[in-house]
């Protein structure tokens, strides 16, 4: 049975994931992370509390298409088109239905809370009547009647309603398939693809002044083990070397340099070979031994 491909939506030149199941599949089965860029509806915008959708990097998008794990579609012609009167009416009806459902749900929750505290409510009403001079034997309080009065008194202000903004489009809609026109033979993409093929989680390294970060497992469970620095060739200035390695030491990671071997030598499928060098301070020898088998000098 052919495995169903993940649908990526083309936005801003890269793929976005709107379905939670698709994102979990990407992360769990294909170790592709992306970045959550949505707003958490209950907390407002926060850099630490992001939600769906997920924005993939251009390299993640290209890799998934190249490995035939996903398809890239554009929906702009359908979703940006002007709606007719009938479609607008249907949309308004669905909106009203969601608001009404929310009203009933809130009323039911308020009633359940009142039922849990009915003894206190009855005792409070009895105490109030006694203060007003009503005799104890004349006081008759029925919990069911009290709950009925509470239900009638509950009012729902539409201004305070929560708007339901779905991540994935709630209705069926048309889209057309999009393909990247040409292959990417840049060092950055080839290094990303090679590291990914080794089973690693690879994410953007901008926050650490690097090109990539390598994780031994899901970033939610592991810290990054390497910062990856891309070089134009095997030559690097001493000042740049010291700066990059010191940076990696400060963030408690290994520094991995990657570059093309030369212009002529090619590996499989006629692609240029990539060389890796892991550089550490003398005090980080133990780290170097633990990761020595992760990378060979050349691929």
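Residue numbers (full-length UniProt numbering): 1 to 299.
Yeah, the Cβ is synthetic: ideal placement off N, Cα and C, and Gly gets one too.
None of these values were measured; they are calculated from a predicted model.
Going by the beta-carbon positions, is the gap between residue i and residue j smaller than 7 angstroms?
i: residue 111; j: residue 151; result: yes
i: residue 229; j: residue 252; result: no
i: residue 177; j: residue 7; result: no
i: residue 215; j: residue 224; result: yes
i: residue 238; j: residue 261; result: no
i: residue 241; j: residue 280; result: no
i: residue 231; j: residue 189; result: no
i: residue 59; j: residue 156; result: no
i: residue 19; j: residue 168; result: yes
i: residue 257; j: residue 277; result: yes
i: residue 107; j: residue 56; result: no
Which value, in whole angstroms, describes the spacing of the CA atoms of residue i and residue j?
i: residue 221; j: residue 187; result: 29 angstroms
i: residue 100; j: residue 127; result: 36 angstroms
i: residue 246; j: residue 219; result: 23 angstroms
i: residue 292; j: residue 162; result: Residue confidence is low: residue 292 scores 49 on pLDDT, short of 50, so the model does not pin down where it sits. No coordinate-derived value is stated.
i: residue 273; j: residue 233; result: 12 angstroms
i: residue 145; j: residue 37; result: 50 angstroms
i: residue 102; j: residue 94; result: 12 angstroms
i: residue 12; j: residue 118; result: 56 angstroms
i: residue 141; j: residue 109; result: 23 angstroms
i: residue 122; j: residue 78; result: 58 angstroms
With DSSP as the reference, please indicate the residues paired to residue i in a beta bridge.
i: residue 146; result: BP columns for residue 146 are empty, so no partner.
i: residue 257; result: 229, 277
i: residue 118; result: Paired residue(s): none; residue 118 is not in a bridge.
i: residue 58; result: DSSP lists no partner for residue 58.
i: residue 178; result: 72
i: residue 10; result: 15
i: residue 204; result: 212
i: residue 349; result: Since the first residue shown for the chain is 1 and the last is 299, residue 349 is missing from the structure and cannot be characterised.
To which residues of the same chain is residue i closer than 8 angstroms at the C-beta, ignoring the five residues directly before and after it?
i: residue 25; result: 6
Going by beta carbon distance, what residues of the same chain come within less than 6 angstroms of residue i, once the five residues before and after it are set aside?
i: residue 200; result: 214
i: residue 70; result: 5, 6, 8, 64
i: residue 130; result: none
i: residue 23; result: 17, 54
In chain order, what residues of the same chain have a beta carbon less than 7 angstroms from the beta carbon of residue i, not counting five sequence neighbours either side?
i: residue 113; result: none
i: residue 62; result: 180, 184, 189
| query | Would you call the segment 25-41 and the segment 195-203 touching, i.e. three or more CB-CB distances under 8 angstroms? | reply | Enough Cβ pairs lie closer than 8 angstroms, so yes.
| Stretch-stretch touch, CB-based, cutoff 8 angstroms, three pairs: the segment 87-107 with the segment 54-66 | Flag = no, the segment 87-107 and the segment 54-66 do not touch.
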